[in-house]
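Undergrad: Numbering-wise (our numbering), the sequence shown opens with residue 2 and increments by one.
By construction, the Cβ of each residue, glycine as well, lies at the ideal position given by its N, Cα and C atoms.
Got a structure for you, questions after.
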Amino acid sequence: MEAFLPVGFLLIFAVLLCIGLFTVKRLLGPRNPLASKLSVYECGVATPEGSARAPFKTSFYLIAVLFLLFDVEAAFFFPWALVYKESLVQGPGLLIAMLVYMGLLVLGLVYIFRKDCLKLN
Numbered sequence: 002m003e004a005f006l007p008v009g010f011l012l013i014f015a016v017l018l019c020i021g022l023f024t025v026k027r028l029l030g031p032r033n034p035l036a037s038k039l040s041v042y043e044c045g046v047a048t049p050e051g052s053a054r055a056p057f058k059t060s061f062y063l064i065a066v067l068f069l070l071f072d073v074e075a076a077f078f079f080p081w082a083l084v085y086k087e088s089l090v091q092g093p094g095l096l097i098a099m100l101v102y103m104g105l106l107v108l109g110l111v112y113i114f115r116k117d118c119l120k121l122n
């Protein structure tokens, strides 16, 4: 249990820091809400054009999901890189496993390109 003591201190420090920063901002920050500051601001356009309920193409969502998928999968390379040198003593098993993993990633990428999933039209 005492191994988690530094994590607990860090959590308490983070919460107190957030509360302190918000309190200082509220006490010292300017308070002049003008109508122009409270109005909707849309990518450099002062007056919004059209409705906020405009439909988006599903390809935008597909690209976002594919990005998240490959980003999370690429995160597995970091722990592999950390233990790779030590694993060479035990044999090439980790290298083969990572080559199979990278092969599956490349196959997924080829599938995405073949299906034209990354086109926005």
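Rounded to whole angstroms, what is the Cα-Cα separation between S60 and K86?
TA: Your numbering for residue 60 matches position 59 in the sequence shown. Your numbering for residue 86 matches position 85 in the sequence shown. Looking at the two C-alpha atoms, the distance is approximately 41 Å.
Undergrad: Give the single residue among G92, L119, D117, E74 whose Cα lies nearest to the Cα of Y102.
TA: Locating residue 102 in the sequence shown gives position 101, counting from the first residue. The shortest Cα separation from Y102 among G92, L119, D117, E74 belongs to E74.
Undergrad: Work out the CA separation of W81 and F36 for me, nearest whole Å.
TA: As a working note, residue 36 is residue 35 in the sequence shown. As a working note, residue 81 is residue 80 in the sequence shown. Per the sequence shown, residue 36 should be read as Ala rather than Phe. Going by the C-alpha atoms only, they are around 54 Å apart.
Undergrad: To the nearest angstrom, how far is it from the Cα of L110 to the Cα of L95?
TA: Taking the sequence shown and counting its residues from 1, the one referred to as residue 110 is at position 109. Taking the sequence shown and counting its residues from 1, the one referred to as residue 95 is at position 94. Taking the straight line from one Cα to the other gives about 22 Å.
Undergrad: From the beta carbon of L11, is the nearest beta carbon of chain C less than 7 Å away?
TA: You won't find chain C in this structure, because it holds only one protein chain.
Undergrad: If I follow the unbroken alpha helix (DSSP H) through P56, where does it start and stop?
TA: As a working mapping, residue 56 is identified with position 55 in the sequence shown. Unbroken run through P56: none, as it is neither H nor E.
Undergrad: In three-state terms, what does DSSP make of F5?
TA: In the sequence shown, counting from the first residue as 1, residue 5 sits at position 4. Note: F5 maps to helix in three-state DSSP.
Undergrad: Is the distance from the Cβ of C118 to the Cβ of L63 below 7 Å?
TA: Here the question's residue 118 lines up with position 117 in the sequence shown. Here the question's residue 63 lines up with position 62 in the sequence shown. In this structure, L63 lies closer than 7 Å to C118 by Cβ.
Undergrad: Could you check the C-alpha separation between V66 and K116 for me, to the nearest Å?
TA: Taking the sequence shown and counting its residues from 1, the one referred to as residue 66 is at position 65. Taking the sequence shown and counting its residues from 1, the one referred to as residue 116 is at position 115. If you take the alpha carbons of V66 and K116, they lie about 15 Å apart.
Undergrad: Within the continuous alpha helix (DSSP H) that includes P80, where are the two ends?
TA: Here residue 80 corresponds to residue number 79 of the sequence shown, with the count starting at 1. Counting along the chain, the alpha helix (DSSP H) containing P80 begins and ends at 78-88.
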